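**Student:** Before I ask anything, here is the structure I am working with.
2 protein chains.
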Amino acid sequence: MRGEQTPKLREALEDDIVAGRLRPGQRLDEVGLAERFGVSRTPIREALIQLAASGLVDIRPRRGAHVTLLGPRELVESFELMAEIEASCARLAAARMGAADRAAIAAAHGECRAAVAASDDAAYYPANARFHAAIYAATGNRVLGAEALRLQRALQPYRRLQLKVPRRMDASFAEHEAILEALFAGDGAAAAERVRAHVLVQGERFMSLIAALEQEEDAARAG
Amino acid sequence: MRGEQTPKLREALEDDIVAGRLRPGQRLDEVGLAERFGVSRTPIREALIQLAASGLVDIRPRRGAHVTLLGPRELVESFELMAEIEASCARLAAARMGAADRAAIAAAHGECRAAVAASDDAAYYPANARFHAAIYAATGNRVLGAEALRLQRALQPYRRLQLKVPRRMDASFAEHEAILEALFAGDGAAAAERVRAHVLVQGERFMSLIAALEQEEDAARAG
DNA sequence: GTCAACGTTCATGTATACAAATTTTTTCCT
DNA sequence: AGGAAAAAATTTGTATACATGAACGTTGAC
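From first to last, the protein sequence lines are chains A and B. Note that the numbering used here numbers the first sequence so that position 47 is 53, with each residue one more than the last. Note that the numbering used here numbers the second sequence so that position 19 is 25, with each residue one more than the last.
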């Protein structure tokens, strides 16, 4: 074959997972994927290994690859890590961001506001992701930014579950405003603390939702 | 073949890199490694891909795999990320650690003290790593701890360069004592700040060293 | 009727084969 | 002799083949 296949395969599978077309826990059959993409198992395996490294896929020896399904504990811990990293980003961004960073953050915030005004969930998600990513970029630290982005993607499949939480968008946007205020005032400590709370509360919301879903499942099984 | 080879290969190569037997920048020839380990290229490639994901190896399409060689900028940024993550670990550990965690931290600190007393560099390195790892574990957050450990290993090859910095061990140990004091007093904010400074100053020491080395090289080339 | 043991089937893990690309070496021209 | 172009050689990326281990269904016994 002509070009390098593995990177394209990795991106395609990553998009499928992040976008929710492949659900957490779903099996990723090598031969099936190979047929679907018209390649051999070799580049499929290499792509899966890379996805496993970034946390989107879980490979267990002789048991195949599955879309990562985080348990309650891992989910809480992952959100705590995300909260810590994002808080660090906010603190550093408050101290270092330039005019372009400021503009990018404000622009993403504007997109969020538009989505809230239109009550458009589908539009709020990417705008929210861009708002956070703009803060990562404003740190000027690419290694840190890449790490934050990796975690953001790994947790994205679980954010989808949160769609049903009532008035989620409004609360999220209000928190964003408080974060932006602290950032633009150059108050790194306040920005960090607000970001930490913003991310942690998301994790807690998931936990409630997951607990509710599991209770439903238990009830369904018992009934 | 009998067992799964890829995990063993990954560990062996990881050890070689972390221990400095494979130097940053060094080429990792697939067929050479395959012959050395008595396996085919397939598991070697898979191990290299995993190492690339954890940051120890750098793979560029059609140009082969090399032991990761961080440039000055990436090195500074990586140490900043490490400092932020370790600071988070310290803050959380101060709030959550139990008696067993306390004992593990104190034990590792004792090993560091012994190495300092004996002026034994070779013994200080692993003891230092265990001291930091004990703090990661004391957070009770395995995801966060795994992330901290991954970074610790990825940066280990560069710590080796620091051997020549005079009185490094004494300064490091004094900083450890201050960190331990804050941790055991339950002062998360102080512990976090002291850990952050402790890690950041290491990064700065490397930078000075690297700058000096590069100047030497330039001088050698010019002379 | 349920459970366990066995055998079949299928997927994974590794080896080998082949093609494309990069690097190195050689050769030719200035 | 120095450099550029071409050819050889090495190396990566992918495909295919094969062996081992796991999942599944079937059959038998209690």
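The C-beta atom is built at its ideal place from N, Cα and C for all residues, glycine as well. Bear in mind the structure is a predicted one, so any value in this text is a computation, not a measurement.
Taking its Cβ as the centre, do 16 or more other Cβ atoms sit within 10 Å of Gly192 (chain B), making it buried, or is it exposed?
**Tutor:** exposed
**Student:** Going along chain A in order, which residues have a C-beta closer than 7 Å to the C-beta of Ile55 (chain B)?
**Tutor:** Glu52, Ile55, Gln56
**Student:** Does the distance from the CB of Glu10 (chain B) to the CB of Pro163 (chain A) come in under 8 Å?
**Tutor:** Pro163 (chain A) sits away from Glu10 (chain B), with the two beta carbons spaced by 8 Å or more.
**Student:** Quick one: which residues of the region 125–151 of chain A get their C-beta closer than 8 Å to a C-beta of chain B? List them in chain order.
**Tutor:** Taking a C-beta cut-off of 8 Å against chain B, the contacting residues of the region 125–151 of chain A are Asn147, Arg148, Val149, Leu150, listed in chain order.
**Student:** Just tell me which of B:Ala89, B:Ala135, B:Arg47, B:His204 has its CA closest to the CA of Ala71 (chain B).
**Tutor:** B:Arg47
**Student:** Identify the residues that DSSP records as bridge partners of Val73 (chain A): which are they?
**Tutor:** A:Val63
**Student:** The region 176–188 of chain B: which residues have C-beta closer than 7 Å to a C-beta of chain A, in chain order?
**Tutor:** none
**Student:** Do Ala197 (chain B) and Ala275 (chain B) count as a contact pair if the criterion is CB distance below 8 Å?
**Tutor:** Residue numbering for chain B in the displayed model covers 7 to 229; residue 275 (chain B) lies beyond these limits and cannot be assessed.
**Student:** Would you kindly work out how many angstroms separate the C-alpha atoms of Gln32 (chain B) and Val63 (chain B), rounded to a whole number?
**Tutor:** 10 Å
**Student:** Going by C-alpha to C-alpha distance, which of B:Ala188, B:Glu199, B:Gly194, B:Ser214 sits closest to Pro172 (chain B)?
**Tutor:** B:Ser214
**Student:** Measure the alpha-carbon distance for Leu75 (chain A) versus Val122 (chain B) and round it to whole angstroms.
**Tutor:** One C-alpha to the other measures close to 45 Å.
**Student:** Take every Cβ of the region 82–94 of chain B, pair it with every Cβ of the region 50–57 of chain B, and state whether three or more of those distances are shorter than 8 Å.
**Tutor:** no
**Student:** Alpha carbon to alpha carbon, what distance is there between Pro49 (chain B) and Met7 (chain A)?
**Tutor:** Residue placement at Met7 (chain A) cannot be trusted, given a pLDDT of 42 that sits under 50; what the coordinates show is reported in the next sentence. Cα-Cα distance, rounded: 22 Å.
**Student:** Going by CA-CA distance only, name the one from A:Ala180, A:Ala218, A:Gln158, A:Leu28 that's closest to Ile141 (chain A).
**Tutor:** A:Gln158
**Student:** Quick one: using the 10 Å Cβ neighbour count with 16 as the cut-off for buried, is Gly229 (chain A) buried or exposed?
**Tutor:** No answer about Gly229 (chain A) holds up, because its pLDDT of 40 lies below 50 and its placement is not dependable.
**Student:** Can you tell me which of the three DSSP states Leu28 (chain B) falls into?
**Tutor:** coil
**Student:** Which residues in the same chain as Cys95 (chain B) place their Cβ atom closer than 7 Å to its Cβ, once the five residues preceding and following it in sequence are excluded?
**Tutor:** Sequence-distant partners of Cys95 (chain B) (beyond 5 residues in either direction) whose C-beta falls short of 7 Å from its own C-beta, in its chain, are Ile141, Tyr142, Thr145, Leu150, Ala154.
**Student:** Is the separation between the beta-carbon of Arg156 (chain A) and that of Ser60 (chain A) shorter than 8 Å?
**Tutor:** yes
**Student:** So if I threshold CB-CB distances at 7 Å, which residues from the region 70–84 of chain B count as touching chain A?
**Tutor:** Glu80, Glu83, Ser84
**Student:** If you reduce the DSSP assignment to three classes, tell me which class Arg33 (chain B) lands in.
**Tutor:** strand
**Student:** Counting along the chain, where does the alpha helix (DSSP H) carrying Gly116 (chain B) start and finish?
**Tutor:** Counted as a single uninterrupted DSSP element, the alpha helix (DSSP H) harbouring Gly116 (chain B) occupies residues 105–123.
**Student:** Around the C-beta of Ser125 (chain B), are 16 or more other C-beta atoms found within 10 angstroms, so that it is buried, or is it exposed?
**Tutor:** The residue in question, Ser125 (chain B), is exposed, as its Cβ has fewer than 16 Cβ neighbours within 10 Å.
**Student:** Would you say Ala114 (chain A) and Ala133 (chain A) are within 8 Å of each other, going by their C-beta atoms?
**Tutor:** Going by C-beta atoms, Ala114 (chain A) is nearer than 8 Å to Ala133 (chain A).
**Student:** What is the rounded straight-line gap between the Cα of Leu15 (chain B) and the Cα of Leu161 (chain A)?
**Tutor:** 30 Å
**Student:** Between A:Asn147, A:Val82, A:Val45, which lies nearest to Leu206 (chain A) when the distance is taken from Cα to Cα?
**Tutor:** A:Val82
**Student:** Could you please tell me which residues of the region 188–207 of chain A, in chain order, have their CB closer than 9 Å to any CB of chain B?
**Tutor:** none
**Student:** Just curious, the alpha helix (DSSP H) that Pro163 (chain B) is in, first and last residue?
**Tutor:** 148–165
**Student:** In angstroms with no decimal places, state the Cα-to-Cα distance between Gly44 (chain A) and Tyr131 (chain A).
**Tutor:** 32 Å
**Student:** So that I know if they touch, is there some Cβ in chain A lying closer than 8 Å to that of Ala59 (chain B)?
**Tutor:** yes
**Student:** Using a Cβ-Cβ cut-off of 6 Å (strictly less than) and excluding sequence neighbours within five positions of Ala58 (chain A), which residues of its own chain qualify?
**Tutor:** Ile65
**Student:** Which of helix, strand or coil does DSSP assign to Ser178 (chain B)?
**Tutor:** helix
**Student:** Taking the alpha helix (DSSP H) that Ala101 (chain A) falls in, what are its first and last residues?
**Tutor:** 78–102
**Student:** Could you check whether the Cβ of Ser256 (chain A) sits closer than 8 Å to any Cβ belonging to chain B?
**Tutor:** This structure does not reach residue 256 (chain A), given that chain A is present from 7 up to 229, and the question cannot be answered.
**Student:** Check this for me: beta carbons of Val73 (chain A) and Pro30 (chain A), under 8 Å apart or not?
**Tutor:** yes
**Student:** Can you tell me whether Ala53 (chain A) sits near the ligand PLP, meaning its C-beta is under 7 Å from at least one heavy atom of the ligand?
**Tutor:** Although the ligand PLP was asked about, the structure shown includes no ligands whatsoever.
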